[in-house]
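Everything below concerns the one structure shown next.
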Amino acid sequence: MRRVPITKPFGTGLAVKAARFPLCHPASMAVRASAAASFQGCYQPLAQQIKIVGMGSCGVDYLASVASFPRPDEKLRTEKLETQGGGNCANALTAAARLGLSPSLVTKIGSDGLGDGIISELLRDGIDTTHVLRAEGHPSPFTYIIVDRQGGTRTCIHTPGAPLEPYEMDEQRLTAVLEGAMLVYFDGRLTEAAVLLARAARARGIPVLVEAERLRPSLEALLSEADFVVTSAHFPQDWTGEVGLADAILATAERLPAARWVITTLGSRGAVLLERPPTRNREGGDPRVSQEEPRAATLDEVMVGELGPQLEEAVKKRKAEREERPVCVSASGVGIGAGAVVATEDFDAVVDTTGAGDSFIGSVLYGLCTGLPLPSTLRLAAVVAACKCTALGARPGLPTRSQLVPELLHPESTSIPVMA
1 MRRVPITKPF
11 GTGLAVKAAR
21 FPLCHPASMA
31 VRASAAASFQ
41 GCYQPLAQQI
51 KIVGMGSCGV
61 DYLASVASFP
71 RPDEKLRTEK
81 LETQGGGNCA
91 NALTAAARLG
101 LSPSLVTKIG
111 SDGLGDGIIS
121 ELLRDGIDTT
131 HVLRAEGHPS
141 PFTYIIVDRQ
151 GGTRTCIHTP
161 GAPLEPYEMD
171 EQRLTAVLEG
181 AMLVYFDGRL
191 TEAAVLLARA
201 ARARGIPVLV
211 EAERLRPSLE
221 ALLSEADFVV
231 TSAHFPQDWT
241 GEVGLADAIL
251 ATAERLPAAR
261 WVITTLGSRG
271 AVLLERPPTR
281 NREGGDPRVS
291 QEEPRAATLD
301 EVMVGELGPQ
311 LEEAVKKRKA
321 EREERPVCVS
331 ASGVGIGAGA
341 VVATEDFDAV
351 VDTTGAGDSF
361 IGSVLYGLCT
371 GLPLPSTLRL
381 AAVVAACKCT
391 ALGARPGLPT
401 RSQLVPELLH
411 PESTSIPVMA
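As structure tokens, then:
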């Protein structure tokens, strides 16, 4: 067992500020450093079925683990080679399924042997594939992934399959897909068809979460339909044109007035959350944002550097421009939290980061559907993502709910062990 200490709750403050917390604290959390074996076939749904829908990428990953990234014209041997199911949406739904939700996937794959394997793996994890379309005469999507053990990077070379066309999402299919759904998730791909499904969900009062990993055609139209948004670290700057990350994160939230919150993931540095309290009326006029000063953003100075002061300065700069401001909550490291900060040691059990963001989103889906508070949701998401990184590929390291202590799924305390 490797110990990951936890600090005391950080409380609230009048400004966004960086804070250093000690890595040793009596209340500690234990994370299993060994990689969990593949949990296919261990699907354990909640007592009350909670259906979610995911639309986006699904395919096959060919993962080659190498000692170091190859130079041009260099020949080298793999240390390990694995073939697994992949795709952002399918990975996130797998994480959600292992936590107990009942996901349904909407996508298109080929009518080939790879597609058959994709379907079988999804079914073993409890994912409904009724609305997975099969394209005759087209291959299933696949990705070559080079996992660099020395540099800790992963490089993806993707070959897409046949696109899911908007005309294939007719009213009959939309109705069937959304029946009984509590939440709909989009990974930012298949955007033209995704916009149709998002609007249909909105019309039925079903919340929408959109992932913004990078700029894509029609993604802005999809984001405008979102109640919840999760972005990559570089997306805010790419989308808004702001030079500084802090300014870009705030500008992203301001460009999405209908979104209740926006999370920007920062890899090993943690995440930043900008939240609007539920006082605004989405359908009527401008959104109402909290009048209180942003709560203290607990950012580990070592890992996050100048982001805390930059956020503080960005908020101050906007004070003169608008009276209504987002609430900012953030934390760093393996145990991301808000209201309770988990400080981390150097974690040497990382094998592969492929799919870490997908597992984070899958955990957020669980938190939204089960009513977890945002601090608890972020902590759960960080723990699940950390566990995922202890195994090669996007899915083998994902924990099932039976491996997580009940307090993490229904937290009442911050001083809890992570793994059962």
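All residue numbers for the sequence shown refer to full-length UniProt numbering, where the first residue is 1 and numbers rise by one.
Ideal Cβ placement from N, Cα and C applies to all residues, glycine included.
Computed from a predicted model, the values in this text were never measured in an experiment.
Q) Would you call the segment 162–170 and the segment 111–126 touching, i.e. three or more CB-CB distances under 8 angstroms? A) Too few Cβ pairs lie closer than 8 angstroms, so no.
Q: Tell whether a beta-carbon distance below 8 angstroms holds between Gly54 and Leu105.
A: Here residue 54 corresponds to residue number 54 of the sequence shown, with the count starting at 1. Here residue 105 corresponds to residue number 105 of the sequence shown, with the count starting at 1. Here Gly54 is near Leu105, since their CB atoms are less than 8 angstroms apart.
Q) With contact counted as at least three CB pairs below 8 angstroms, one residue from each stretch, are the segment 94–111 and the segment 202–213 in contact? A) No, because fewer than three Cβ pairs between the segment 94–111 and the segment 202–213 fall closer than 8 angstroms, the two stretches do not touch.
Q: With DSSP collapsed to three states, give me the class of His410.
A: The sequence position of residue 410 within the sequence shown is 410, counting from 1. When secondary structure is reduced to three states using DSSP, His410 falls in the coil class, being assigned neither helix nor strand.
Q | Residues of its chain near His131, where Cβ-Cβ distance is below 6 angstroms and the 5 sequence neighbours each way are ignored | A | One-based indexing of the sequence shown puts residue 131 at position 131. Cβ within range, chain order: Val106 and Val177.
Q: In angstroms with no decimal places, state the Cα-to-Cα distance between Ser68 and Gln84.
A: Position 68 of the sequence shown, counting from 1, holds the residue named residue 68. Position 84 of the sequence shown, counting from 1, holds the residue named residue 84. When rounded, the distance between both Cα atoms is 22 angstroms.
(Q) Which same chain residues end up closer than 8 angstroms to Ser232 when comparing Cβ atoms and leaving out the 5 residues on each side of it in sequence? (A) On the sequence shown, residue 232 is found 232 positions in, with the first residue counted as 1. The beta carbon of Ser232 lies closer than 8 angstroms to those of Ala212, Glu213, Arg214, Thr264, Thr265 and Gly357 in the same chain, with the five residues before and after it left out.
Q. Count the other CB atoms within 10 Å of the CB of Ile157; is the residue buried (16 or more) or exposed (fewer)?
A. One-based indexing of the sequence shown puts residue 157 at position 157. For Ile157, the number of other beta carbons within 10 angstroms of its own is below 16, and it is reported as exposed.
Q) What is the rounded straight-line gap between the Cα of Gly180 and the Cα of Asn91? A) Here residue 180 corresponds to residue number 180 of the sequence shown, with the count starting at 1. Here residue 91 corresponds to residue number 91 of the sequence shown, with the count starting at 1. Between the alpha carbons of Gly180 and Asn91 lies a gap of roughly 22 angstroms.
Q | Beta-bridge partners of Met55, as assigned by DSSP | A | Counted from its first residue, the sequence shown places residue 55 at position 55. For Met55, the beta-bridge partners assigned by DSSP are Val106 and Phe186.
Q: Reducing DSSP to helix, strand and coil, say where Cys156 ends up.
A: Within the sequence shown, residue 156 is the residue found at index 156, counting from 1. DSSP, read as helix, strand or coil, puts Cys156 in strand.
Q: Return the residue from the list Arg379, Glu79 and Pro163 that minimises the CA-CA distance to Val405.
A: Numbered from its first residue, the sequence shown carries residue 405 at position 405. With distances taken between Cα atoms, Val405 lies closest to Arg379.
Q. Taking all protein chains shown into account, do 16 or more other C-beta atoms lie within 10 angstroms of the C-beta of Ser363, making it buried, or fewer, making it exposed?
A. Here residue 363 refers to the residue found at position 363 when the sequence shown is read from its first residue. With 16 or more other Cβ atoms within 10 Å, it is buried.
**Q.** Residue nearest to Thr143 in terms of C-alpha spacing, selected from Ala97, Gly86 and Phe228
**A.** Counted from its first residue, the sequence shown places residue 143 at position 143. Thr143 has its Cα closest to that of Gly86, out of Ala97, Gly86 and Phe228.
Q. For the putative contact between Leu222 and Pro236, defined by C-beta atoms under 8 angstroms, what is the C-beta separation to the nearest angstrom?
A. Residue 222 sits at position 222 when you count from the first residue of the sequence shown. Residue 236 sits at position 236 when you count from the first residue of the sequence shown. At roughly 16 angstroms, the Cβ-Cβ gap does not stay under 8 angstroms, so Leu222 and Pro236 are not in contact.
Q: Could you check how far apart the C-beta atoms of Ala64 and Val147 are, in whole angstroms? I think they sit under 8 angstroms.
A: Here residue 64 corresponds to residue number 64 of the sequence shown, with the count starting at 1. Here residue 147 corresponds to residue number 147 of the sequence shown, with the count starting at 1. Confirmed, about 7 angstroms.
Q. Which residues share a DSSP beta bridge with Ile263?
A. Here residue 263 is taken as the residue at index 263 of the sequence shown, counted from 1. Answer is Val230 and Leu273, bridged to Ile263.
Q) Using a Cβ-Cβ cut-off of 8 angstroms (strictly less than) and excluding sequence neighbours within five positions of Leu256, which residues of its own chain qualify? A) Your numbering for residue 256 matches position 256 in the sequence shown. Excluding sequence neighbours, Leu256 sits near Leu223, Ser224, Ala226, Val229 and Val262.
Q: Give the straight-line distance between the Cα atoms of Asp300 and Glu79, rounded to the nearest whole angstrom.
A: Counting from 1 along the sequence shown, the entry for residue 300 is found at position 300. Counting from 1 along the sequence shown, the entry for residue 79 is found at position 79. Since pLDDT at Asp300 reaches only 34, below the 50 mark, its modelled position is unreliable, and no value is offered.
Q: Could you tell me the boundaries of the beta strand (DSSP E) in which Val384 lies?
A: Here residue 384 refers to the residue found at position 384 when the sequence shown is read from its first residue. For Val384, there is no enclosing beta strand (DSSP E); the enclosing alpha helix (DSSP H) covers residues Leu374 to Lys388.
Q. First and last residue of the beta strand (DSSP E) that includes Leu368?
A. Along the sequence shown, read from residue 1 onward, the residue named residue 368 stands at position 368. Per DSSP, Leu368 lies in no beta strand (DSSP E); the unbroken alpha helix (DSSP H) holding it starts and ends at Ala356 to Thr370.
Q. So the beta strand (DSSP E) Val210 belongs to, where does it begin and stop?
A. Along the sequence shown, one-based indexing puts residue 210 at 210. Annotation for Val210: the continuous beta strand (DSSP E) segment containing it runs Val208 to Ala212.
Q) From this set, Leu197, Glu242 and Thr155, which residue's C-alpha is nearest Tyr62's C-alpha? A) Taking the sequence shown and counting its residues from 1, the one referred to as residue 62 is at position 62. If you compare the alpha carbons of Leu197, Glu242 and Thr155 with that of Tyr62, the shortest gap goes to Thr155.
Q: Ignore the nearest five residues each way along the sequence and tell me which others in Pro139's own chain have a CB closer than 8 angstroms to its CB.
A: Position 139 of the sequence shown, counting from 1, holds the residue named residue 139. Once the five neighbours on either side are set aside, the close Cβ partners of Pro139 are Gly110, Asp112, Leu114, Thr159 and Gly161.
Q. According to the neighbour-count rule (16 or more other Cβ atoms, all chains shown, within 10 Å of its Cβ), is Ser402 buried or exposed?
A. As a position in the sequence shown, residue 402 is number 402, starting the count at 1. Exposed.
Q) Does the separation of the CB atoms of Leu190 and Gly59 fall below 8 angstroms? A) Reading the sequence shown from its first residue, position 190 is the one you call residue 190. Reading the sequence shown from its first residue, position 59 is the one you call residue 59. In this structure, Gly59 does not lie closer than 8 angstroms to Leu190 by Cβ.
Q: Look up Arg134 in the DSSP assignment and say whether it is helix, strand or coil.
A: On the sequence shown, position 134 is the one that residue 134 refers to. Reduced to three states, the DSSP call for Arg134 is strand.
Q.
Please return the same chain residues whose Cβ sits closer than 7 angstroms to the Cβ of Ala248, not counting the five positions on each side in sequence.
A. As a working mapping, residue 248 is identified with position 248 in the sequence shown. Pro236, Gln237, Thr240 and Glu242.
Q: Go ahead and label residue 428 buried or exposed: buried means 16 or more other beta carbons lie within 10 angstroms of its beta carbon, across all protein chains shown.
A: There is simply no residue 428 to check, as the chain begins at 1 and stops at 420 in what is shown.
(Q) Nearest by alpha-carbon distance to Pro375: which of Cys387, Gly117, Leu409 and Phe186 is it? (A) Mapped onto the sequence shown, residue 375 falls at position 375. Looking at Cys387, Gly117, Leu409 and Phe186, the one whose alpha-carbon comes closest to that of Pro375 is Leu409.
**Q.** With 16 other Cβ atoms within 10 Å as the buried cut-off, status of Pro217
**A.** Here residue 217 corresponds to residue number 217 of the sequence shown, with the count starting at 1. Burial call: exposed.
Q. Is the Cβ-Cβ distance between Leu386 and Val351 less than 8 angstroms?
A. Indexing the sequence shown from 1 puts residue 386 at position 386. Indexing the sequence shown from 1 puts residue 351 at position 351. For the sequence presented, residue 386 should be read as Ala rather than Leu. Contact flag unset, no.
Q: Compare the C-beta of Asp227 against all C-beta atoms of chain B and say whether one is closer than 8 angstroms.
A: Note that chain B does not occur in the displayed structure, where there is just one protein chain.
Q. Beta-carbon separation of Thr377 and Gly393 under 8 angstroms?
A. Sequence index remark: in the sequence shown, residue 377 carries index 377 (1-based). Sequence index remark: in the sequence shown, residue 393 carries index 393 (1-based). With contacts defined by Cβ atoms closer than 8 angstroms, Thr377 and Gly393 do not form a contacting pair.
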